[in-house]
Amino acid sequence: MVIVLELYSKSLKTTYKNHLCSKATFFILLINLIKIALPFLLCCNGQGFRMRYDTFHEQPDVRFTGEYLFIGYTNNISFPIICSNIYWEVNNQDNCILIQAREIDTNYDGKIDEFTFKLTANLPKNVKIHSFELLLPIDYMLHETCPINMQSMIFLQETLNNFMNMLSITSVLEISQKFPLQCYSNYMNRDYNSSTVTFENFETYSMDEIVKPFNKRNLTTHLSDTYKSYDINTMETFLINFNILYPEHIFYYEVGFWKIVKSLWIQYLSIYIVLNWLIKKAKDYIFDKHLILFYETSPINKM
Ligand SMILES: *[C@@H]1O[C@H](CO)[C@@H](O)[C@H](O)[C@H]1NC(C)=O
Ligand SMILES: *[C@@H]1O[C@H](CO)[C@@H](O)[C@H](O)[C@H]1NC(C)=O
Ligand SMILES: *[C@@H]1O[C@H](CO)[C@@H](O)[C@H](O)[C@H]1NC(C)=O
170 MVIVLELYSK
180 SLKTTYKNHL
190 CSKATFFILL
200 INLIKIALPF
210 LLCCNGQGFR
220 MRYDTFHEQP
230 DVRFTGEYLF
240 IGYTNNISFP
250 IICSNIYWEV
260 NNQDNCILIQ
270 AREIDTNYDG
280 KIDEFTFKLT
290 ANLPKNVKIH
300 SFELLLPIDY
310 MLHETCPINM
320 QSMIFLQETL
330 NNFMNMLSIT
340 SVLEISQKFP
350 LQCYSNYMNR
360 DYNSSTVTFE
370 NFETYSMDEI
380 VKPFNKRNLT
390 THLSDTYKSY
400 DINTMETFLI
410 NFNILYPEHI
420 FYYEVGFWKI
430 VKSLWIQYLS
440 IYIVLNWLIK
450 KAKDYIFDKH
460 LILFYETSPI
470 NKM
């Protein structure tokens with residue numbers, strides 16, 4: 170026995186005709202117009218064009234650049250406690266006896282999750298620190314949706330009560346965005362990849378002139394959820410133990426033109442396919458039942 174399979178089927182084409190200025194022509198034209206326009210109205214008037222902004226989650230790749238600047242203001246105005254490796258000229262008066270920085274990747278994914286910075290400064294007799302500034306430049310990178318490389322900083326300003334000389338701080342590095350990011354997936358944005366510390370030497374250094382332009386940037390980092398505990402030790406030293414977490418963030422970005430077009434096209438198509446099927450069924454029904462006037466040319470009559 171030979172098995173015969175149905176490989177393909179084709180129906181004979183029946184043509185229905187009418188004059189250009191007839192009700193039937195107008196009716197079919199209208200239906201075709203609806204078929205094209207309706208999916209457009211449904212998808213593009215809805216959330217389509219409002220999708221200009223979107224968000225993504227990412228843990229930034231943050232690296233300590235190794236530079237630091239500490240200025241402790243003391244009860245002797247002419248004797249600030251300064252430690253820095255940014256400004257080498259302060260080195261001969263550097264009061265720090267120990268600087269320790271540790272970057273920890275707790276989940277071994279190649280990104281730093283936690284950063285610890287410890288500083289110990291020598292205090293001469295009768296010198297007490299009442300407030301200080303600590304500046305730690307960082308290299309900040311995003312790799313996935315919106316590749317970015319920028320130079321930022323961890324900046325801490327503290328006023329101390331009762332001349333405490335041991336300070337433990339824990340904080341979280343957060344991102345501040347003034348505008349949605351503009352992303353190009355194959356392009357590394359380096360608009361802000363210049364050093365935040367712009368002064369050549371310590372003589373001309375001004376914290377105000379570092380912080381102001383930094384704060385004007387569209388994209389900056391800041392510390393949040395900062396918790397502190399103070400203590401006093403009897404030694405002539407000043408100690409800071411600073412711990413910062415680098416968690417995942419939500420970033421806002423501007424969705425590119427082609428991505429919007431692509432997404433709208435998919436939405437359009439999915440509505441169009443269903444509508445096209447429905448309208449085809451409706452047309453079959455209308456012509457089968459002769460609900461409108463037309464001339465029929467059947468292929469059977471031709472043969
Ligand atoms: C303040 O510091 C300066 C410079 O080290 C020193 O000459 C001066 O004696 C100090 N003043 C007091 C009141 O300790
Ligand atoms: C950004 O700047 C840092 C430090 O100046 C440099 O090492 C890095 O290569 C720069 N990144 C890009 C993408 O240019
Ligand atoms: C900041 O973002 C706004 C809006 O996207 C843009 O017009 C401006 O040029 C950006 N500024 C810089 C310095 O990139």
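Under this note's numbering, the first residue of the sequence shown carries the number 170, and numbering increases by one thereafter. Positions of the beta carbon are idealized from the N, C-alpha and C atoms, including for glycine. Predicted, not measured: the structure shown is a model, and the values here were computed from it.
### Message
Give me the pocket residues for ligand 3, defined as CB within less than 6 angstroms of any heavy atom, sorted by chain position.
### Response
348, 360, 387
### Message
Between the alpha carbons of residue 296 and residue 342, how many angstroms are there, rounded?
### Response
Looking up residue 296 in the sequence shown gives position 127. Looking up residue 342 in the sequence shown gives position 173. Answer to the nearest angstrom: the Cα atoms are 32 angstroms apart.
### Task
Under 7 angstroms from any heavy atom of ligand 1, by CB: list those residues in chain order, please.
245, 247, 248, 295
### Task
Let me know if residue 404 comes out buried or exposed under the rule of 16 or more other beta-carbons within 10 Å of its beta-carbon.
Here residue 404 refers to the residue found at position 235 when the sequence shown is read from its first residue. Under this definition residue 404 is an exposed residue.
### Query
Quick one: does the C-beta of residue 355 sit closer than 7 angstroms to a heavy atom of ligand 2?
If you number the sequence shown from 1, residue 355 lands on position 186. No.
### Message
My output table needs one value for residue 182: the three-state DSSP class, helix, strand or coil.
### Response
Numbered from its first residue, the sequence shown carries residue 182 at position 13. Looking at residue 182 - three-state DSSP - the assignment turns out to be coil, as it is neither helix nor strand.
### Proximity test, residue 331 beta-carbon vs ligand 2 heavy atom, cut-off 7 angstroms
As a first step, residue 331 is located in the sequence shown; it is residue number 162 there, counting from the start. Not under cutoff, so the answer is no.
### Contact test: residue 230 Cβ vs ligand 2 heavy atom, cutoff 7 angstroms
As a first step, residue 230 is located in the sequence shown; it is residue number 61 there, counting from the start. Residue 230 Cβ: outside cutoff for every heavy atom of ligand 2.
### Task
Run the proximity test for residue 400: is its beta-carbon closer than 7 angstroms to any non-hydrogen atom belonging to ligand 2?
Taking the first residue of the sequence shown as 1, we reach residue 400 at position 231. No, Cβ of residue 400 sits at least 7 angstroms from all heavy atoms of ligand 2.
### Query
For residue 318, is the beta carbon positioned less than 7 angstroms from some heavy atom of ligand 2?
Locating residue 318 in the sequence shown gives position 149, counting from the first residue. Checking the Cβ of residue 318 against ligand 2 gives yes.
### Task
In angstroms with no decimal places, state the Cα-to-Cα distance between residue 294 and residue 351.
For the purposes of this step, residue 294 is taken as residue 125 along the sequence shown, with counting starting at 1. For the purposes of this step, residue 351 is taken as residue 182 along the sequence shown, with counting starting at 1. Residue 294 and residue 351: Cα-Cα distance of roughly 54 angstroms.
### Task
Report yes or no: do the stretch 357-371 and the stretch 310-322 share at least 3 C-beta pairs separated by less than 8 angstroms?
yes
### Query
What residue does the beta strand (DSSP E) around residue 382 start on, and which one ends it?
One-based indexing of the sequence shown puts residue 382 at position 213. That residue, residue 382, is in no beta strand (DSSP E); its alpha helix (DSSP H) goes 376-385.
#### Entry: Endpoints, beta strand (DSSP E) assigned at residue 230
Counting from 1 along the sequence shown, the entry for residue 230 is found at position 61. Segment 230-233, the beta strand (DSSP E) holding residue 230.
### Query
According to the neighbour-count rule (16 or more other Cβ atoms, all chains shown, within 10 Å of its Cβ), is residue 279 buried or exposed?
For the purposes of this step, residue 279 is taken as residue 110 along the sequence shown, with counting starting at 1. By the 10 Å Cβ count, residue 279 comes out exposed.
### Assigned secondary structure, residue 456 (DSSP; H/G/I helix, E/B strand, else coil)
Here residue 456 refers to the residue found at position 287 of the sequence shown. Looking at residue 456 - three-state DSSP - the assignment turns out to be helix.
### Task
For residue 371, name the three-state secondary structure that DSSP assigns.
Working through the sequence shown from its first residue, we reach residue 371 at position 202. Residue state, collapsed to three classes: helix.
### According to DSSP, residues forming a beta bridge with residue 241
In the sequence shown, counting from the first residue as 1, residue 241 sits at position 72. For residue 241, which the question treats as bridged, DSSP gives the partners 250, 301.
### Message
With a threshold of 6 angstroms on Cβ separation, who are the neighbours of residue 225 within its own chain once the five nearest residues in sequence on each side are excluded?
### Response
Indexing the sequence shown from 1 puts residue 225 at position 56. Here the set comprises 314, 420.
### Between the CA atoms of residue 208 and residue 221 - distance to the nearest angstrom
Counting from 1 along the sequence shown, the entry for residue 221 is found at position 52. Counting from 1 along the sequence shown, the entry for residue 208 is found at position 39. In a straight line, the C-alpha of residue 221 is about 20 angstroms away from that of residue 208.
### Query
Is residue 416 helix, strand or coil by DSSP?
Position 247 of the sequence shown, counted from the start, is the residue given in the question as residue 416. In the structure shown, residue 416 sits in coil (DSSP, three-state: anything other than H, G, I, E or B).
#### Entry: Meets three-Cβ-pair contact criterion under 8 angstroms: the stretch 443-461 and the stretch 189-200
yes
### Message
With H, G and I counted as helix, E and B as strand and the rest as coil, what does DSSP make of residue 354?
### Response
Start at 1 with the first residue of the sequence shown, and residue 354 comes out as number 185. Correct three-state label for residue 354: coil.
### Query
So who's on the other strand from residue 397, going by DSSP bridges?
Locating residue 397 in the sequence shown gives position 228, where the first residue counts as 1. Answer is 338, bridged to residue 397.
#### Entry: Straight-line gap, residue 467 to residue 183 (C-alpha atoms, nearest Å)
Here residue 467 refers to the residue found at position 298 of the sequence shown. Here residue 183 refers to the residue found at position 14 of the sequence shown. Rounded to whole angstroms, residue 467 to residue 183 spans 5 angstroms at the Cα level.
### Query
Nearest chain D C-beta to residue 422 closer than 8 angstroms, yes or no?
Structure shown: chain D not included; a single protein chain is present.
### Query
Which residues in the same chain have their Cβ closer than 8 angstroms to the Cβ of residue 345, if we skip the five residues on either side of it in sequence?
Position 176 of the sequence shown, counted from the start, is the residue given in the question as residue 345. 388, 389, 390, 391, listed in sequence order.
### Message
I want to check one thing, is the minimum distance from the CB of residue 264 to the heavy atoms of ligand 2 below 7 angstroms?
### Response
Here residue 264 refers to the residue found at position 95 of the sequence shown. No - ligand 2 has no heavy atom lying nearer than 7 angstroms to the Cβ of residue 264.
### Query
In terms of DSSP beta bridges, what is residue 326 paired with?
On the sequence shown, position 157 is the one that residue 326 refers to. Answer is 302, bridged to residue 326.
### Task
Using three-state DSSP, classify residue 194 as helix, strand or coil.
Within the sequence shown, residue 194 is the residue found at index 25, counting from 1. Reduced to three states, the DSSP call for residue 194 is helix.
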